[in-house]
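One structure is given below, encoded as structure tokens.
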Amino acid sequence: PIVIDEFTIVGSRCGPFPPALRALSSWISVEALVSARFPLEEGLRAVEAASRPDALKVILLCRT
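-19 is the number of the first residue of the sequence shown in the numbering used here; add one for each residue after it.
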């Protein structure tokens, strides 16, 4: 986990991995699933974008 100012952010995942990995390796275009990308500084906008019903995947970019 990442701990900043007493906040802990923990990621999670779920789902059957073998079928997902087979699909990724053969026919799914992952880029087409990304609805938006935001720099870390625009985290609030990223959360707002992810809450929209048409959002599939919103990426928060953490660049150093």
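All C-beta atoms in this analysis are idealised placements derived from N, C-alpha and C, irrespective of residue type, glycine included.
Sub-8 angstroms separation of residue i and residue j beta-carbons
i, j, result
"residue 20", "residue 41", "yes"
"residue 26", "residue 38", "yes"
"residue 16", "residue 29", "yes"
Contact belief for residue i with residue j at Cβ below 8 angstroms, rounded distance in angstroms
i, j, result
"residue 10", "residue 1", "About 12 angstroms separates the two Cβ atoms, so there is no contact after all."
| said: For a minimum of 4 consecutive residues, which ranges assigned as the alpha helix (DSSP H) are wholly contained in the stretch 7 to 36? | reply: 23 to 31
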